[in-house]
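Participant: Right, I'll just put the structure down here and ask away after.
Numbering (my numbering), first residue to last: 1234 to 1912.
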């Protein structure tokens, strides 16, 4: 028999390393004693069918020597991992051999309680755990071999039934339990070797879960997959329901292996029966190898076809890149021309705005002077009004005094009239007395003379009183005439003051309206300036985008050079390039649309000129003269000046972010253009 060298006691891993734990439990210290005898006896009793193949595979891993430039710590770690891989592979060989022999001797389907089958799953679990990367999660560190087994569903669609059945089991709560259930189901399907071979064919995916020097990443993994093909002879019926796969502890029972080695010492004479038992295994191996050779030939043909297609696609991609570069250069030239034109237009608009600002300042100065003059006139008129009000108050005081004097005069006249009535009564009494005394005239002539004298004196007094009454009446008439004249003057002064106040108010309202119009025009000019600044920023952003696209093109060139060396990843890289080219096409189409909009704006700016306010005195459409009530409005499309009725429409133009004022003719033309573009 061709036996390969077994590793000595230093190369064997302890129980903690086999279980993937950081520290060994005190119960597992008893395993280290029988490991050496087990390994030595197993090396002497391996059969011919396993020995030659496993020797070549294991020696490939052991022959590799550490580099001369490595540090001693690295070399010791590499040697340690190599020893672990070799020991795990030897344990796997022994477990598979014992399982096959015991199953053939029984001649029936195996249950989950069969000890060799349990030991096989424990060793396989340790092999899959070797070199696993630790993944950090929110709960803590996670180290499970179920992650790489989930990839089989993506690579091999036949394994989807296993994945769904494992996920639907309610008893399984941990990743370790799901991985054990997956191994049970794959063994019952007799496709465990096929599924693990699919994983080994995609080692770039396994690198996410395993370290580079793990057993599944090295050649020992391929040897173990070859050994697992022999298990297709076994029929297993494993019940997953009712078993606690999450909390099972995988402990290797070395007593089975020691019994096997002891029995092999007494059964060397019966090698022919063992060879006959392993005939089925060799036939299955040959069948599997012929299938793999046919599959590899088909894959080689497909790869050659895909390489030829990818080369053609690369040539087409290079042609597309060249055409895109030419288009990019043309776009750069067009962008430079547009930038120069826009800068010129900005300079012209700046000059126009400066001129308009100067005119506005001059008009503002004239308005300020007018306002100061009007203010002075208002102050003077206020002073005059105060003086007139004082005169009115004086006249009103005079009038009240005249009324009081008239009342006094009326009282005097009434008193005098009473005295006259009393005097008349006295005269009548005197007459009566005279009549009475006429008879006594002879006796009282002296008294009559005296009475006549008294009467004459009374008559004189009455005449004087009458003359004084006439004079008082004349004075009253004069006072009434003066009062009427003063009232007429007061009314005239009030009318004049009211007229002056109305004129002053009208002038103030006109000045306020002019100030508001000037402020609105200033705001519109500021908005135009802001829109021009925004357009400049947008053009700068477009240039920066073009620069970034150039940098992306350079990166694509570098990727094309790398793609020529890496032929295995050409399909994925070509798809990425096609996506990038589609995005570039979208960006270029968008930039072309922007160019067309900018061209339309430039055409509109070339065809029309911005009229100044002083040049237009009548509306261009209705030809009505502008005034304070009929104000001037610029059309933002053609630049002409219209009245409010002829320019009441608003539309969104390419040069303005918001809807702006447009005349009726431009409104109809732009609507027709939009309808034609949309159709």
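Glycine included, C-beta positions come from ideal geometry on N, C-alpha and C. What you are looking at is a predicted structure, and each value in this text was computed from that prediction instead of being measured.
Considering residue 1470, what are the terminal residues of the beta strand (DSSP E) in which it resides?
Facilitator: No beta strand (DSSP E) holds residue 1470; DSSP gives it neither H nor E.
Participant: Taking 8 Å as the cut-off, decide whether the C-beta atoms of residue 1402 and residue 1378 are in contact.
Facilitator: Not closer than 8 Å, so no.
Participant: What's the C-alpha gap between residue 1346 and residue 1382?
Facilitator: Residue 1346 and residue 1382: Cα-Cα distance of roughly 24 Å.
Participant: Taking the alpha-carbon positions, what's the residue 1466 to residue 1423 distance?
Facilitator: Taking the straight line joining both Cα atoms gives about 8 Å.
Participant: So what's residue 1341 in DSSP terms, helix, strand or just coil?
Facilitator: Looking at residue 1341 - three-state DSSP - the assignment turns out to be coil, as it is neither helix nor strand.
Participant: Residues in the same chain with beta-carbon distance under 8 Å from residue 1864, minus the five sequence neighbours each way, listed in chain order, please.
Facilitator: For residue 1864, where only same-chain residues beyond five positions count, the Cβ hits under 8 Å are 1750, 1876 and 1877.
Participant: Run the CB neighbour count on residue 1655, radius 10 Å, all protein chains shown included, and call it buried at 16 or more, exposed below.
Facilitator: Exposed: under 16 other Cβ atoms inside 10 Å.
Participant: For residue 1883, report the span of its beta strand (DSSP E) as first-last.
Facilitator: Here the beta strand (DSSP E) through residue 1883 covers 1882 to 1884.
Participant: If you draw a straight line from the alpha carbon of residue 1320 to that of residue 1330, how long is it in whole angstroms?
Facilitator: Looking at the two C-alpha atoms, the distance is approximately 15 Å.
Participant: Should residue 1533 be labelled buried (16 or more other beta-carbon atoms within 10 Å of its own) or exposed?
Facilitator: Exposed is the call here.
Participant: Tell me, please, which residues DSSP counts as bridged to residue 1894.
Facilitator: DSSP, once it has assigned bridges, lists 1883 as partnering residue 1894.
Participant: Can you tell which of 1589, 1816 and 1895 has the C-alpha that lies nearest to the C-alpha of residue 1756?
Facilitator: Nearest of 1589, 1816 and 1895 to residue 1756, Cα basis: 1589.
Participant: If we count Cβ pairs, one from each stretch, closer than 8 Å, do we get three or more for the region 1555 to 1564 versus the region 1766 to 1784?
Facilitator: Touching, yes.
Participant: If contacts are defined as beta-carbon pairs under 8 Å, then residue 1890 and residue 1767 qualify, I think. What distance do you get, rounded to the angstrom?
Facilitator: Residue 1890 to residue 1767, Cβ: 7 Å. Contact.
Participant: With H, G and I counted as helix, E and B as strand and the rest as coil, what does DSSP make of residue 1614?
Facilitator: The answer is helix: DSSP assigns residue 1614 an H, G or I state.
Participant: Can you check which of these residues, 1859, 1846 and 1328, is closest to residue 1596 by C-alpha distance?
Facilitator: Checked all of 1859, 1846 and 1328; the closest Cα to residue 1596 is 1846.
Participant: Would you call residue 1520 buried or exposed, if buried means 16 or more other Cβ atoms sit within 10 Å of its Cβ?
Facilitator: When all chains shown are included, residue 1520 counts as exposed.
Participant: Specify the secondary structure class of residue 1875 as computed by DSSP and reduced to three states.
Facilitator: Three-state DSSP puts residue 1875 in a strand.
Participant: Who are the Cβ neighbours of residue 1460 in its own chain at under 7 Å, not counting the five residues just before and after it?
Facilitator: Excluding residues within five positions, the ones whose Cβ falls inside 7 Å are 1325, 1326 and 1329.
Participant: Report all residues from its chain with a CB closer than 7 Å to the CB of residue 1455; omit the five preceding and five following residues, and keep chain order.
Facilitator: Within the same chain, residue 1455 has close Cβ partners 1433.
Participant: In this structure, how does DSSP classify residue 1417 when only helix, strand and coil are distinguished?
Facilitator: It is helical.
Participant: So what does DSSP say about residue 1435, is it helix, strand or coil?
Facilitator: Correct three-state label for residue 1435: coil.
Participant: Please check the pair residue 1804 and residue 1539, which I expect to be a contact at CB under 8 Å, by giving their CB distance rounded to whole angstroms.
Facilitator: The Cβ separation is near 7 Å, so the contact holds.
Participant: Cutting at 7 Å between CB atoms, please list the residues of its own chain near residue 1479, excluding the five before and the five after it.
Facilitator: Correct list, in chain order: 1405, 1406, 1407, 1409 and 1410.
Participant: May I ask you to list the residues that DSSP assigns as paired with residue 1858?
Facilitator: BP columns for residue 1858 point to 1851.
Participant: Which residue comes first and which comes last in the alpha helix (DSSP H) that contains residue 1358?
Facilitator: Taken as a continuous stretch (DSSP letters only), the alpha helix (DSSP H) holding residue 1358 covers 1348 to 1362.
Participant: Quick one, are the C-beta atoms of residue 1737 and residue 1614 less than 8 Å apart?
Facilitator: Their beta carbons are under 8 Å apart, which means residue 1737 touches residue 1614 by this criterion.
Participant: Are residue 1446 and residue 1311 close, meaning C-beta to C-beta below 8 Å?
Facilitator: Yes, the Cβ-Cβ distance between residue 1446 and residue 1311 is below 8 Å.
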